[in-house]
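Quick notes on the structure that follows.
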Amino acid sequence: MGPSRLLGPRHRTSPPMACRDRSVSRIVHFGYNQAKFGFQLGPRQPRRWIQEPMPGIRTLSTPDRGDTDRASAATLPGAMAASAEQLVGSLADRISEKILAGEYPPGSRLRQEALAEEFSVSRTPIREALRQLEAKGVVQHRPNQGAIVLAPNARDIRDAYQVRAELEGLAISLAAEWITDEQIERMRRAQRKFAGAVDKLIAARKTNAKAPFRNVPSWVESNDEFHGVVIEASGNRRLKQMIQDLHLGFTRNIMLAALTMDGRRMRENVSQHEAILSAIGRHDAAEARKAMTHHILRSGELAVWWLESQGRLVGPAR
Numbered sequence: 002m003g004p005s006r007l008l009g010p011r012h013r014t015s016p017p018m019a020c021r022d023r024s025v026s027r028i029v030h031f032g033y034n035q036a037k038f039g040f041q042l043g044p045r046q047p048r049r050w051i052q053e054p055m056p057g058i059r060t061l062s063t064p065d066r067g068d069t070d071r072a073s074a075a076t077l078p079g080a081m082a083a084s085a086e087q088l089v090g091s092l093a094d095r096i097s098e099k100i101l102a103g104e105y106p107p108g109s110r111l112r113q114e115a116l117a118e119e120f121s122v123s124r125t126p127i128r129e130a131l132r133q134l135e136a137k138g139v140v141q142h143r144p145n146q147g148a149i150v151l152a153p154n155a156r157d158i159r160d161a162y163q164v165r166a167e168l169e170g171l172a173i174s175l176a177a178e179w180i181t182d183e184q185i186e187r188m189r190r191a192q193r194k195f196a197g198a199v200d201k202l203i204a205a206r207k208t209n210a211k212a213p214f215r216n217v218p219s220w221v222e223s224n225d226e227f228h229g230v231v232i233e234a235s236g237n238r239r240l241k242q243m244i245q246d247l248h249l250g251f252t253r254n255i256m257l258a259a260l261t262m263d264g265r266r267m268r269e270n271v272s273q274h275e276a277i278l279s280a281i282g283r284h285d286a287a288e289a290r291k292a293m294t295h296h297i298l299r300s301g302e303l304a305v306w307w308l309e310s311q312g313r314l315v316g317p318a319r
């Protein structure tokens with residue numbers, strides 16, 4: 002009796018349930034006959050790998066050192082892309098901050114070469130950052146000029162401040178319920194600093210009518226802190242982002258220059274803050290919202306008035 006008879010018919014005709022192809026370090030599993038799936042199994046013919054997946058076949062990779070190296074290399078383009086995206090976003094934020102601070106005033110030209118030198122980067126991420134700001138309506142690309150910081154018009158200002166009044170009104174109504182004693186105390190400290198900065202600025206203007214706002218930088222910081230605590234206490238991150246995006250289109254120096262026209266307007270701004278602080282200190286959501294809405298709308302009116310008086314609006318008031 003030959004070996005095949007000893008093994009039995011099952012072992013003579015059935016293919017192995019798995020075969021290992023060492024040339025590609027893979028195990029091929031199949032559940033039917035090999036001819037159906039196109040394998041050539043023979044004593045002298047190499048097993049060939051099917052490139053396209055077929056029904057009933059699955060592959061289990063057995064990584065070796067080369068596979069690991071190739072996998073690591075494959076992740077490099079994705080990592081580099083993510084890093085480049087973060088750089089562009091960071092540059093857009095930094096340019097926005099300078100626009101908000103008035104370092105790049107409306108109408109000024111943002112030269113890629115100068116920005117690249119200032120931020121110690123190449124022109125490519127600067128160009129992409131400016132494209133992001135253009136999409137947000139902060140700058141505009143003009144032929145043969147490059148990116149220009151947009152100057153607002155009266156309608157844009159009023160529209161933006163109407164939206165901002167509603168958003169910050171919503172923020173403070175939410176904050177009135179959740180704000181902590183520590184956050185209220187931060188608002189009080191910011192308000193004291195804000196009022197003190199106003200006093201210093203009024204005193205400075207008595208001796209120099211053209212005293213610039215930058216002589217009292219604490220005004221900016223304290224105002225940002227005051228409003229920032231309200232937004233923080235609201236607990237709504239989407240609301241925070243929407244308010245920040247609204248600020249992008251209007252530089253700080255527009256609003257603050259309007260307030261510095263005379264002491265009466267500056268004092269009025271301080272009083273509005275006091276009303277807001279009083280209402281939120283009592284956790285009175287309705288009154289806090291009313292005070293905040295009035296404050297923001299009044300600020301928008303002052304901004305339009307000042308820009309019109311300076312002849313800086315690019316569109317008509319309505």
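Residue numbers in the sequence shown follow my numbering, run continuously in steps of one, and reach 319 at the last position.
From the three backbone atoms N, C-alpha and C, an ideal C-beta is built for every residue, glycine too.
Euclidean distance between Cα positions of residue i and residue j
{"i": "Pro-153", "j": "Leu-303", "result": "14 angstroms"}
{"i": "Ser-310", "j": "Lys-201", "result": "25 angstroms"}
{"i": "Asn-270", "j": "Asn-224", "result": "10 angstroms"}
{"i": "Ile-281", "j": "Ile-185", "result": "8 angstroms"}
{"i": "Trp-307", "j": "Ser-84", "result": "42 angstroms"}
{"i": "Ala-124", "j": "Ala-292", "result": "Looking at the sequence itself, residue 124 is Arg, so the reference to Ala does not match. Straight-line Cα distance between these residues: approximately 46 angstroms."}
{"i": "Ala-205", "j": "Phe-120", "result": "34 angstroms"}
{"i": "Gly-236", "j": "Ser-300", "result": "25 angstroms"}
{"i": "Glu-233", "j": "Ala-93", "result": "23 angstroms"}
{"i": "Ala-176", "j": "Arg-268", "result": "25 angstroms"}
{"i": "Trp-179", "j": "Gln-113", "result": "45 angstroms"}
{"i": "Ile-277", "j": "Asp-246", "result": "23 angstroms"}
{"i": "Ala-117", "j": "Lys-137", "result": "21 angstroms"}
{"i": "Arg-110", "j": "Gln-141", "result": "10 angstroms"}
{"i": "Lys-207", "j": "Val-230", "result": "32 angstroms"}
{"i": "Asp-182", "j": "Val-199", "result": "26 angstroms"}
{"i": "Ser-272", "j": "Gln-146", "result": "44 angstroms"}
{"i": "Arg-238", "j": "His-228", "result": "14 angstroms"}
{"i": "Ala-155", "j": "Glu-275", "result": "28 angstroms"}
DSSP state of residue i mapped onto helix, strand, coil
{"i": "Glu-53", "result": "With a pLDDT of only 42 at Glu-53, under 50, the local geometry of the prediction cannot be trusted, and the value read off the model is given with reservation. Of the three classes helix, strand and coil, the one that applies to Glu-53 here is coil, per DSSP."}
{"i": "Leu-61", "result": "A caution first: Leu-61 carries a pLDDT of 39, below 50, which makes its placement in the model too unreliable to give a value."}
{"i": "Arg-290", "result": "helix"}
{"i": "Arg-189", "result": "helix"}
{"i": "Leu-111", "result": "strand"}
{"i": "Gly-147", "result": "strand"}
{"i": "Gly-90", "result": "helix"}
{"i": "Asn-237", "result": "coil"}
{"i": "Ser-121", "result": "coil"}
{"i": "Glu-104", "result": "coil"}
{"i": "Asp-182", "result": "helix"}
{"i": "Ala-152", "result": "coil"}
{"i": "Asp-200", "result": "helix"}
{"i": "Asp-246", "result": "helix"}
Start and end residues, alpha helix (DSSP H) containing residue i
{"i": "His-142", "result": "No alpha helix (DSSP H) contains His-142, which is instead part of the beta strand (DSSP E) from 140–143."}
{"i": "Glu-269", "result": "264–282"}
{"i": "Tyr-162", "result": "155–179"}
{"i": "Glu-129", "result": "124–136"}
Contact belief for residue i with residue j at Cβ below 8 angstroms, rounded distance in angstroms
{"i": "Ile-203", "j": "Ala-289", "result": "That belief does not hold up - the Cβ atoms of Ile-203 and Ala-289 are roughly 28 angstroms apart, past 8 angstroms."}
{"i": "Val-139", "j": "Ser-97", "result": "7 angstroms"}
{"i": "Pro-126", "j": "Leu-88", "result": "5 angstroms"}
{"i": "Arg-190", "j": "Ile-244", "result": "Not really, about 22 angstroms apart at Cβ, beyond 8 angstroms."}
{"i": "Ile-158", "j": "Val-305", "result": "5 angstroms"}
{"i": "Leu-187", "j": "Glu-226", "result": "Here residue 187 turns out to be Arg, not Leu, going by the sequence shown. Going by Cβ atoms, the distance from Arg-187 to Glu-226 rounds to 7 angstroms, so yes, they are a contact pair."}
Neighbour flag for residue i against chain B, beta carbons, 8 angstroms
{"i": "Gly-90", "result": "The structure shown has no chain B; it contains just one protein chain."}
Does the segment 126–140 come close enough to the segment 182–199 to have 3 or more Cβ pairs within less than 8 angstroms?
no
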